[in-house]
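In the numbering used here, the protein residues as written are 212 to 647.
To start, the structure under review is shown below, and the notes come after it.
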């Protein structure tokens, strides 16, 4: 049901698995020279480069304390500082560990021959543990020294693939949330921040659940940049590649889809406020750990708690993550968005938001049923994707002699059709044939 409420930047071809542009106009993909990448569809271009350098002002990480993105250049400096700190900590620990070893050895020597066997064993174990800790610290010094040298040698960051994505120029005019609000840049930025903020321990909404997937993402993520907001153009860099350039396009954009479907700026602000107050939790594991309700936008005790926090956001004119989101939305605009969400709840009894062709009209938790209704402000017509109503599997017929004499001319006619009509030439890449 959630998928019926969602809109997309790109969408998968159900028969080929390639991405088609949905609310994206075009994309430019660049990959490292020599990689086996090809493109099939015309809405994107594919280029190759010997080196892809990530711009220094691209975002490489997130600081949950200052609530700002960390640029590539800033991260290079921070990585050096962290490496220096780790090396210094290891070096500073050596004297303490040596003293601890001497103390343990002295304690063992003080034990007389008549000491109990248990006391001797404990003292010997203490010596072994102290020696192991000292050895580990000593062995870490050259490793950390090399890591520091490696970090200090970094003057630029490179990537395997780059994607620049151009959204439709009327995106912020025609795409609307189910509470009637226009899609805004603050919505896209809020969703992007959520992906970085929740896995950080210093965050007010920290959750252990997304940490593993976030760390995996950061292994290949190299940077992201908003090139323009009007029209919306985004650019991304990663150390990854796919054999199909179409599947590399998402490297270059972020969209409002997240771990719970689509979330508007207003709904995330409301849910985050409840999460930070430890009255609700996004995940079941965190809810169980804190013995609180899991967040639900469609029913249960959650709704009253969310409503309380929404009212507080309206009263305070809150801009969450203001150091960053304050660039994209004013307090007056934020209040208007909160009020639109509140009005939607008062009409339909739920806070679920999306920009897709259907909205959640009513929910019956006891009856385990819900009603989806047509969203009349959805910008696309119902037949936009009718081409995918049936797979375009070609029918092929061959007309020609069943037997020929070697060395003499023979002609074969090959007919390629779909549902009785000639197959579109633009959709035919090649026709292969074998003659035995």
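Yeah, the Cβ is synthetic: ideal placement off N, Cα and C, and Gly gets one too.
Query - Other residues of its chain near residue 487: CB distance less than 7 Å, five sequence neighbours each side excluded - result: As a working note, residue 487 is residue 276 in the chain shown. Here the set comprises 415 and 416.
Query raised in the report: Based on Cα-Cα distance, which residue from 393, 430 and 564 lies nearest to residue 370?
Result: Along the chain shown, one-based indexing puts residue 370 at 159. Residue nearest to residue 370 within the set 393, 430 and 564 is 430 (criterion: CA-CA distance).
Query raised in the report: Under a Cβ-count criterion, where at least 16 other Cβ atoms within 10 Å of its own Cβ denotes burial, should residue 516 be classed as buried or exposed?
Result: The residue given as residue 516 occupies position 305 in the chain shown. Flag for residue 516 reads buried.
Query raised in the report: Quick one: is residue 609 buried, meaning 16 or more other Cβ sit within 10 Å of its Cβ, or exposed?
Result: Here the question's residue 609 lines up with position 398 in the chain shown. Exposed is the call here.
**Report entry** Distance, residue 359 Cα to residue 395 Cα
**Finding:** For the purposes of this step, residue 395 is taken as the residue at position 184 of the chain shown. For the purposes of this step, residue 359 is taken as the residue at position 148 of the chain shown. Taken atom to atom, the span from the alpha-carbon of residue 395 to that of residue 359 is near 42 Å.
Report task. Compute the distance between the beta-carbons of residue 374 and residue 461, then report whether it is under 9 Å. Result -> As a first step, residue 374 must be located in the chain shown, where it is residue number 163. As a first step, residue 461 must be located in the chain shown, where it is residue number 250. Residue 461 is positioned such that its CB atom lies closer than 9 Å to that of residue 374.
Query raised in the report: Can you tell me where the alpha helix (DSSP H) with residue 403 in it begins and where it stops?
Result: In the chain shown, the residue the question calls residue 403 occupies position 192. For residue 403, the enclosing alpha helix (DSSP H) begins and ends at 396-408.
Query - C-beta contact flag for residue 220 and residue 378 at 9 Å - result: To locate residue 220, count along the chain shown from 1; it is residue 9. To locate residue 378, count along the chain shown from 1; it is residue 167. Contact: yes.
Query - Per-residue DSSP class, three states only, for residue 600 - result: Here residue 600 corresponds to residue number 389 of the chain shown, with the count starting at 1. When DSSP states are grouped into helix, strand and coil, residue 600 belongs to the coil group.
Query raised in the report: In angstroms, rounded to a whole number, what distance separates the CA positions of residue 428 and residue 296?
Result: Here residue 428 is taken as the residue at index 217 of the chain shown, counted from 1. Here residue 296 is taken as the residue at index 85 of the chain shown, counted from 1. When only Cα atoms are considered, residue 428 and residue 296 end up about 25 Å apart.
Query raised in the report: Buried or exposed: which applies to residue 212, given that a residue is buried once 16 or more other Cβ atoms fall within 10 Å of its Cβ?
Result: As a working mapping, residue 212 is identified with position 1 in the chain shown. Answer is exposed; the Cβ neighbour count stays below 16.
Query raised in the report: Where does residue 534 fall in DSSP's three states?
Result: As a first step, residue 534 is located in the chain shown; it is residue number 323 there, counting from the start. Assigned with DSSP and collapsed to three states, residue 534 falls in helix.
Query raised in the report: Can you name the start and end residues of the alpha helix (DSSP H) that residue 621 belongs to?
Result: Along the chain shown, one-based indexing puts residue 621 at 410. Where residue 621 is concerned, there is no enclosing alpha helix (DSSP H), because DSSP gives it neither an H nor an E.
Query raised in the report: Near residue 341, what residues of its chain come up, given a Cβ to Cβ distance below 6 Å and the 5 sequence neighbours on each side ignored?
Result: The residue labelled residue 341 in the question sits at position 130 within the chain shown. These residues qualify, in order along the chain: 311, 312 and 315.
Report task. May I have the straight-line CA-CA distance separating residue 404 from residue 335, to the nearest angstrom? Result -> Stepping through the chain shown from its first residue, residue 404 is reached at position 193. Stepping through the chain shown from its first residue, residue 335 is reached at position 124. Rounded to whole angstroms, residue 404 to residue 335 spans 52 Å at the Cα level.
Query raised in the report: Taking residue 546 as the reference, which of 626, 526 and 252 has the closest Cα?
Result: Along the chain shown, one-based indexing puts residue 546 at 335. From the listed residues 626, 526 and 252, the smallest Cα separation to residue 546 is found for 526.
Query raised in the report: Between residue 588 and the rest of its own chain, which residues show a CB-CB distance below 8 Å, the 5 nearest in sequence each way excluded?
Result: Translated into positions along the chain shown, residue 588 becomes position 377. Contacts found: 387 and 391.
**Report entry** DSSP beta-bridge partners of residue 379
**Finding:** Here residue 379 corresponds to residue number 168 of the chain shown, with the count starting at 1. For residue 379, which the question treats as bridged, DSSP gives no partner whatsoever.
Query raised in the report: According to DSSP, is residue 241 helix, strand or coil?
Result: Here residue 241 refers to the residue found at position 30 of the chain shown. Three-state result, residue 241: strand.
Report task. Please classify residue 636: is it buried, with 16 or more other beta-carbons within 10 angstroms of its beta-carbon, or exposed? Result -> As a first step, residue 636 must be located in the chain shown, where it is residue number 425. Residue 636 comes out exposed.
Query raised in the report: Does the pairing of the region 528-539 with the region 502-512 give three or more beta-carbon distances under 8 Å?
Result: Proximity of the region 528-539 to the region 502-512 falls short of the contact definition, fewer than three beta-carbon pairs being nearer than 8 Å.
Query - Beta-carbon proximity of residue 418 to residue 476, cut-off 9 Å - result: For the purposes of this step, residue 418 is taken as residue 207 along the chain shown, with counting starting at 1. For the purposes of this step, residue 476 is taken as residue 265 along the chain shown, with counting starting at 1. Against a cut-off of 9 Å, the Cβ pair of residue 476 and residue 418 comes out as no contact.
Query raised in the report: Are the beta-carbon atoms belonging to residue 288 and residue 367 less than 9 Å from one another?
Result: Mapped onto the chain shown, residue 288 falls at position 77. Mapped onto the chain shown, residue 367 falls at position 156. With respect to residue 367, residue 288 sits apart: the two C-beta atoms are not nearer than 9 Å.
Report task. Enumerate in chain order the residues of its own chain whose CB-to-CB distance from residue 575 is below 8 Å, with the five nearest sequence positions on each side excluded. Result -> Along the chain shown, one-based indexing puts residue 575 at 364. Counting only Cβ-Cβ distances below 8 Å, and skipping sequence neighbours, we find 581.
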